[in-house]
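For reference, the structure discussed in these notes is given below.
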Amino acid sequence: MQTVAVLSLKGGVGKTTVALGLASAALRRGIKTLVIDLDPQGNATATLDPQPAQFGLAEVLTTPRPPILSQAVSRSAWDESVHVLTGNHDLEELNEGPDEGTLPNLARAIAWYADPNTGPRYDLILLDCPPSLGRLTRSALLAATGALLVTEPTLYAVSGAQRAFAAIERTRKEHNPGLRPLGVVVNKFRSRSHEHMYRIAELRESFGPLVMPVALPDRLAVQQAAGSCTPIHEWSTPGGREIALAFNLVLARMLRSSRRGRHHLDPPEADEAEATNGPDQAANGSGAATQAQPPRANKPRRPDEPQPVRR
């Protein structure tokens, strides 16, 4: 079982979108998944539209005992193989304050859910973290086996990704030696934007091969699918199919990185080849997921830089 914290220290970059896209890709592959909504805004909970549960994540984090844990998880509206541990505004109070004693409670709860003798057996647990380094995100990093950074190709988002990576490394060294960075996902990418290309080159300078080779395109289908509480893989528009293929590739790379313990640049394996050239693409003749440009020796010229004079 893999427990993956999906995080960013800047709001609005589409962190929840990535968590839900990975859950949709996992559903397509038959991977039993639990989504834990640590964000007090509860956007992941709203899109997954789970059945009512006796308890929520706030109760689990304060009292992670079997009677509560057994009645806190519910089936999502997506499918019986995608379950939810719901978040709401009650989590806001748990995200602040100096009480460090409750930080390991999420790890205790996940250990209970991972035990086939006590809780349901999941293949993947996705932790949708709030956009801050408060107690909720720190508890997720203590419980996770891997961390996936989400960023936009913009100045402030890149800075947030660098701070998030520093937090991951600090947690790994001081508290959770099993925690590994699984990759950096660039979201809301526009291929015709020189600024976006510049920022992706900047990310590669900072994170090297951890930057995912596929960038998630900026498509209206993401908001449309979320608004209708539908997995992106079931949103049958050209934009929906394009970004669904991108999520297939991100999930394949993420799981592969988790299995091997580090990020690899080997040729694509069968799961990655299927993700990029899946049945949807073959049936519709659509292109593969949006690929960011390969690293260059020099960064792309900034849009506001003067052009060289030709003689």
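Residues in the sequence shown are numbered consecutively from 749, following our numbering.
C-beta: ideal position from N, C-alpha, C; glycine also.
Alpha-carbon to alpha-carbon, Ala994 and Gly1035: By 1-based counting over the sequence shown, the position of residue 1035 is 287. By 1-based counting over the sequence shown, the position of residue 994 is 246. Unreliable placement is indicated for Gly1035, whose pLDDT of 40 sits below 50; no coordinate value is reported for it.
If contacts are defined as beta-carbon pairs under 8 angstroms, then Val754 and Lys763 qualify, I think. What distance do you get, rounded to the angstrom? As a position in the sequence shown, residue 754 is number 6, starting the count at 1. As a position in the sequence shown, residue 763 is number 15, starting the count at 1. 6 angstroms between Cβ atoms; contact.
If you compare alpha carbons, which of Glu917, Ala806, His944 is closest to Gly790? Position 42 of the sequence shown, counting from 1, holds the residue named residue 790. Selected option, being the one with the closest Cα: Ala806.
Contacting residues, own chain, Cβ-Cβ under 6 angstroms from Gln802 (five flanking each side not counted): The residue labelled residue 802 in the question sits at position 54 within the sequence shown. Around Gln802: Gln819.
In whole angstroms, what is the alpha-carbon distance linking Gln1029 and Arg813? Counted from its first residue, the sequence shown places residue 1029 at position 281. Counted from its first residue, the sequence shown places residue 813 at position 65. Low per-residue confidence applies at Gln1029: pLDDT is 40, beneath 50, and the placement is therefore not dependable, though the value from the model is reported in the following sentence. About 46 angstroms.
Can you say whether Asn996 is buried or exposed, counting buried as having 16 or more other CB atoms within 10 angstroms of its CB? By one-based count along the sequence shown, residue 996 stands at place 248. So Asn996 ends up on the buried side.
As a quick exercise: from Ala825, Pro965, Leu930, pick the residue whose alpha carbon is nearest that of Met945. Here residue 945 corresponds to residue number 197 of the sequence shown, with the count starting at 1. The shortest C-alpha separation from Met945 is found at Pro965.
Looking only at its chain, what residues have a beta carbon closer than 6 angstroms to the beta carbon of Arg920, apart from the 5 residues adjacent to it on each side? Reading the sequence shown from its first residue, position 172 is the one you call residue 920. So the list reads Leu927, once near-sequence residues are dropped.
Go to Leu896, then tell me how far its alpha helix (DSSP H) extends in each direction, as first and last residue. For the purposes of this step, residue 896 is taken as the residue at position 148 of the sequence shown. Looking at the DSSP string, Leu896 is not in any alpha helix (DSSP H); the run it does join, the beta strand (DSSP E), is 894 to 899.
Could you tell me the distance, in whole angstroms, from the CA atom of Glu922 to the CA atom of Ser880? Position 174 of the sequence shown, counted from the first residue, corresponds to residue 922. Position 132 of the sequence shown, counted from the first residue, corresponds to residue 880. For Glu922 and Ser880, the distance between alpha carbons rounds to 19 angstroms.
Between which two residues does the beta strand (DSSP E) harbouring Thr781 extend? As a position in the sequence shown, residue 781 is number 33, starting the count at 1. 781 to 785 is the extent of the beta strand (DSSP E) around Thr781.
By Cβ distance below 7 angstroms, which residues in the same chain neighbour Val932 in space, the five residues on each side in sequence not counted? Looking up residue 932 in the sequence shown gives position 184. Taken in chain order, the residues that qualify are Leu897, Thr899, Ala909, Leu951, Phe955, Leu958, Val959, Met960.
Name the one or two DSSP bridge partners that Asp863 has. Within the sequence shown, the letter at position 115 stands for residue 863. Answer is none; Asp863 lacks a bridge partner.
So what does DSSP say about Pro965, is it helix, strand or coil? Taking the sequence shown and counting its residues from 1, the one referred to as residue 965 is at position 217. Strand at Pro965.
Since I believe Asp871 is in contact with Val783 (beta carbons under 8 angstroms), could you give me their beta-carbon distance rounded to a whole number of angstroms? In the sequence shown, the residue the question calls residue 783 occupies position 35. In the sequence shown, the residue the question calls residue 871 occupies position 123. Actually they do not touch by this definition, with Cβ atoms about 13 angstroms apart.
Please confirm whether Ala891 and Val830 have their CB atoms less than 7 angstroms apart. Your numbering for residue 891 matches position 143 in the sequence shown. Your numbering for residue 830 matches position 82 in the sequence shown. Against a cut-off of 7 angstroms, the Cβ pair of Val830 and Ala891 comes out as no contact.
Distance check for Ala862 and Ser822, CA to CA, integer angstroms please. Counting from one through the sequence shown, the residue named residue 822 turns up at place 74. Counting from one through the sequence shown, the residue named residue 862 turns up at place 114. Distance between the alpha carbons of Ser822 and Ala862 is about 15 angstroms.
State buried or exposed for Asp797, treating a residue as buried only when at least 16 other CB atoms are found within 10 Å of its CB. Here the question's residue 797 lines up with position 49 in the sequence shown. Its Cβ having fewer than 16 others within 10 Å, Asp797 is exposed.
Verify whether the separation of the beta carbon atoms of Leu930 and Ser1005 is less than 7 angstroms. For the purposes of this step, residue 930 is taken as the residue at position 182 of the sequence shown. For the purposes of this step, residue 1005 is taken as the residue at position 257 of the sequence shown. In this structure, Ser1005 lies closer than 7 angstroms to Leu930 by Cβ.
Go through its chain and collect everything with a Cβ distance to Ala992's Cβ below 6 angstroms, but skip five positions before and after it. As a working mapping, residue 992 is identified with position 244 in the sequence shown. Same-chain partners within the cutoff: Ile980, His981.
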